[in-house]
Amino acid sequence: MRVASNKTLLGVGKTGFLEGVGLTISDQRNIIVQNLRFTMSTVTNTKINDEKRAQVAVNDGDCVTIQGTSQNLWFDHCEFFNLDPATQTNQDLYDGLIDAKGASAYITISWNYFHDHHKAHLIGNSDKDAGDRKVTFHHNYYNNIHERVPVYRFGTGHVFNNYYKHVYGTGINSRMDACLRVEQNYFEDTKDPLTTKNSSVPGKWDAAGNLYSGSKGSQPTTSTCTFTPPYQYSSVLNEAAQVREIVQQGAGVGKL
Numbered sequence: 001m002r003v004a005s006n007k008t009l010l011g012v013g014k015t016g017f018l019e020g021v022g023l024t025i026s027d028q029r030n031i032i033v034q035n036l037r038f039t040m041s042t043v044t045n046t047k048i049n050d051e052k053r054a055q056v057a058v059n060d061g062d063c064v065t066i067q068g069t070s071q072n073l074w075f076d077h078c079e080f081f082n083l084d085p086a087t088q089t090n091q092d093l094y095d096g097l098i099d100a101k102g103a104s105a106y107i108t109i110s111w112n113y114f115h116d117h118h119k120a121h122l123i124g125n126s127d128k129d130a131g132d133r134k135v136t137f138h139h140n141y142y143n144n145i146h147e148r149v150p151v152y153r154f155g156t157g158h159v160f161n162n163y164y165k166h167v168y169g170t171g172i173n174s175r176m177d178a179c180l181r182v183e184q185n186y187f188e189d190t191k192d193p194l195t196t197k198n199s200s201v202p203g204k205w206d207a208a209g210n211l212y213s214g215s216k217g218s219q220p221t222t223s224t225c226t227f228t229p230p231y232q233y234s235s236v237l238n239e240a241a242q243v244r245e246i247v248q249q250g251a252g253v254g255k256l
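Structure below.
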């Protein structure tokens, strides 16, 4: 389903459910998606992708695709899921939960519940997809995700007050000289919570106040770049120790 500029998609109560329906936002502006559930897990129509694996044919497997010059987008209090990656082992069957590429920019992803999926977010779809997409992730709950929370190529981004539980492939993966402000997040039972991997040019981070609990691998407490977000957010910034409780209580549908 293609979404045009100046639209709000708002679910009522807990009943709004896009089941097997992906959203494509291409060269559009000023869109809000709020209080909706998304899954591709019931789609049976597949195709063979470039990696010679089966992939859902609807929307190339993405729940949400953002591309072109799309700007000023807000995804808030939604739920995105597919199947437990421990049992559904084809990592390409379902692609991204929210992916952004091209010259898309000024995107906020807040208070969502992402769970039971392989690859959550691809921000920049290749090492040649240069751009400063300026994506903010805050107060999201990631549970039982394998990787890409997010993978982020080029430019700047802001990742704060998210709760990551059992992210067992890689966590936040900064690539291609991206500089991410990563602050006051709570990582629980997560492998490589903040890292740069599989990139021809390493990515960087401006890390502050993150809490690592029962995690392993790359858990940096120092920074490799500096990024100051161009907006005020101190009034909504929580201490990392509070994030697990706050996010579990507030993220997802029916909690506006």
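Going letter by letter, the sequence shown gives residues 1 to 256 in full-length UniProt numbering. Here a beta-carbon is modelled for each residue, glycine too, at the ideal position from N, C-alpha and C. Being a predicted model, the structure only gives us computed values, none of them experimental.
Measuring only the C-alpha atoms, how far is residue i from residue j?
i: residue 233; j: residue 5; result: 26 Å
i: residue 206; j: residue 220; result: 10 Å
i: residue 106; j: residue 247; result: 23 Å
i: residue 127; j: residue 157; result: 17 Å
i: residue 154; j: residue 175; result: 7 Å
i: residue 261; j: residue 65; result: In the structure as shown, the chain starts at 1 and stops at 256, and residue 261 therefore has no counterpart that could be examined.
i: residue 38; j: residue 149; result: 17 Å
i: residue 208; j: residue 182; result: 6 Å
i: residue 256; j: residue 35; result: 8 Å
i: residue 228; j: residue 201; result: 22 Å
i: residue 245; j: residue 253; result: 16 Å
i: residue 118; j: residue 43; result: 16 Å
i: residue 218; j: residue 226; result: 19 Å
i: residue 69; j: residue 166; result: 34 Å
i: residue 124; j: residue 101; result: 5 Å
i: residue 237; j: residue 45; result: 42 Å
i: residue 161; j: residue 58; result: 32 Å
i: residue 80; j: residue 164; result: 15 Å
Start and end of the beta strand (DSSP E) containing residue i?
i: residue 130; result: No beta strand (DSSP E) contains residue 130, which DSSP labels as neither H nor E.
i: residue 54; result: 54-56
i: residue 19; result: 17-19
Drop a sphere of 10 angstroms on the beta-carbon of residue i, count the other beta-carbons inside from all chains shown, and report buried for 16 or more, exposed for fewer.
i: residue 2; result: exposed
i: residue 240; result: buried
i: residue 242; result: exposed
i: residue 8; result: exposed
i: residue 96; result: buried
i: residue 249; result: exposed
i: residue 231; result: exposed
Hey, quick one: how far does the alpha helix (DSSP H) through residue i stretch, first residue to last?
i: residue 248; result: 240-250
My parser needs the beta strand (DSSP E) runs of 3 or more residues fully inside the stretch 75-128; what are they? 79-81, 98-100, 105-110, 113-119
Within the stretch 130-199, ranges of the alpha helix (DSSP H) (whole runs, at least 4 residues): none
Could you tell me whether the stretch 181-199 touches the stretch 107-119, using the rule of 3 or more Cβ pairs below 8 Å? no
Is the stretch 73-83 close to the stretch 43-53, with three or more CB pairs under 8 Å? no
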